[in-house]
Amino acid sequence: MEDDDIDRTIWNRDNPAKLYCGRPIVITVSLGCAEEQLAEFCELELPARATCVVLAHSALNDLPDTIFVSYQTDQELAGWFKACDFFVSICNNNEHQLLAKEAEACGARIADINSQNILDILLG
3 MEDDDIDRTI
13 WNRDNPAKLY
23 CGRPIVITVS
33 LGCAEEQLAE
43 FCELELPARA
53 TCVVLAHSAL
63 NDLPDTIFVS
73 YQTDQELAGW
83 FKACDFFVSI
93 CNNNEHQLLA
103 KEAEACGARI
113 ADINSQNILD
123 ILLG
């Protein structure tokens, strides 16, 4: 997977962020995705201690039990990816495929919102 054209100086497992929150940490990024796909992510029934994070601005910002974080630099985004347990892909566009590769390079496990067994994947 080293030939995937991502910058390994940023997207790697070095120096993971230390977040003090419930596990698993489940993250998505809402770039170019419809609000209904983002809403589907936010409605996942995760364990009580799980932390659900959306990296992007959205009209859904007021949802309970979801942390919304707006614009991030690549280094900040990599820090989130290094700290999370799962990156959930909510779109099948090229941007989200690249984000999934970057998250995976940072140690996150990848799940697709369209997978029939997404909760089995996330709850393992």
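Residue numbers for the sequence shown follow this note's numbering, beginning at 3 and rising by one.
The C-beta atom is built at its ideal place from N, Cα and C for all residues, glycine as well.
Beta-bridge annotation (DSSP): Cys54 is paired with Val28 and Thr68. Within the same chain, Arg25, Pro26, Ile27, Val28, Ala110 and Arg111 come within 8 angstroms of Asp87 by CB-CB distance, once the 5 residues on both sides are set aside. Cys93 and Pro66 have their C-alpha atoms roughly 23 angstroms apart. In this model, Pro18 and Trp82 are separated by some 8 angstroms (Cα to Cα). Setting aside the 5 residues that flank it on each side, Ile8 is surrounded in the same chain by Leu100, Lys103, Glu104 and Ala107, each with a C-beta closer than 8 angstroms to its C-beta; the list follows chain order.
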